[in-house]
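Residue numbers (mature numbering (1 follows the signal peptide of the UniProt record, and there is no 0)): -27 to -1, 1 to 217.
This is how it looks when you write it as structure tokens:
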């Protein structure tokens, strides 16, 4: 079976350095010529490149149907892709991220734990009950395969352990977020993003950013699935990077 793939897209924020008009202070517009001086400019951030370990793919390999439950969902083993994302910038810069599920329509909303929560993932593998699930695609008959929880962890900036923002804010503005060592998928934040922070909650700059990718997949009960053909896990999400 194929596994989870990250399709990572880069977004460049170009900020106007100075754009203003200056009217002549000594010219009399009623009696003589006037002139307008315009100063414009655009600041382009130093380029950043991204590398994905294993093409950003977590592969569960072949899963025997005999290992899956018939009448209730099955948690697959937690898998981690170390240093899954490496961002390398030409100069020290701020970085923020956003995350979107490309398989949202395939969420199997019936995949719950014993107290009615979606299955979740903590660093030690315990279900936390926070965050949102992502979809695993559909089988050949259009049945929803299941859900998975995805997290980023182990953030390092220039080799030093740092933190993710606990909530989204305007990119490169501190906001009210607190630092957290694990970033759980919380859905796309539209015009906002999740900044990288130090232990004090301040924005952190760097040239090299690395982080791990963790997945806990849950397959729905097999009596909901068409097992006459192979069922392929087809999770896919996009992480957008913003840098300044």
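Just so you know, even glycine gets a beta-carbon here, dropped at the ideal spot from N, CA and C.
Going by C-alpha to C-alpha distance, which of 64, 195, 152, 153 sits closest to residue 42? 195
Same chain, Cβ closer than 7 Å to residue 178, five either side skipped, listed in chain order: For residue 178, where only same-chain residues beyond five positions count, the Cβ hits under 7 Å are 65, 66, 67.
Collapsed DSSP secondary structure at residue 219 in the structure displayed: What is shown of the chain runs -27 to 217, which leaves residue 219 out entirely.
Beta-carbon proximity of residue 138 to residue 150, cut-off 8 Å: The answer is yes: Cβ separation under 8 Å.
Same chain, Cβ closer than 6 Å to residue 202, five either side skipped, listed in chain order: 113
Could you tell me the alpha carbon to alpha carbon distance between residue 59 and residue 34, rounded to whole angstroms? Going from the Cα of residue 59 to the Cα of residue 34 covers about 25 Å.
Which of helix, strand or coil does DSSP assign to residue 115? DSSP places residue 115 outside both helix and strand once states are collapsed to three, so it counts as coil.
Residue 136 to residue 184, Cα distance in whole Å? 10 Å
Count the other C-beta atoms from every protein chain shown that fall within 10 angstroms of the C-beta of residue 133, then say buried if there are 16 or more, exposed otherwise. Residue 133 comes out exposed.
Taking the alpha-carbon positions, what's the residue 191 to residue 105 distance? 13 Å
Roughly how many whole angstroms lie between the Cα atoms of residue 75 and residue 24? 20 Å
Option in 163, 124, 217 with minimal Cα separation from residue 145: 217
Straight-line Cα distance separating residue 56 from residue 170: 18 Å
Looking only at DSSP bridge pairs, what is residue 262 linked to? Nothing about residue 262 can be read from this structure; the chain reaches only from -27 to 217.
Is DSSP giving residue 140 helix, strand or coil here? coil
Less than 8 Å between the beta carbons of residue 186 and residue 125, yes or no? Cβ distance < 8 Å, so residue 186 and residue 125 count as in contact.
My understanding is that residue 123 touches residue 188, with C-beta atoms under 8 Å, so please give their C-beta distance in whole angstroms. 5 Å
Beta carbon of residue 61 nearer than 8 Å to that of residue 22: Yes, they are a contact pair.
Under the three-state reduction of DSSP, which class applies to residue 166: helix, strand or coil? strand
I'd like the span of the beta strand (DSSP E) that includes residue 179, first residue to last. Residues 178 to 192.
Could you pull the start and end residues of the beta strand (DSSP E) that residue 22 belongs to? 21 to 25
Thinking residue 46 and residue 193 are a contact (beta carbons under 8 Å), I'd like their distance in whole angstroms, please. The pair is a contact, with the Cβ atoms about 5 Å apart (cut-off 8 Å).
Hey, would you say residue 198 sits closer than 8 Å to residue 116, going by beta carbons? yes
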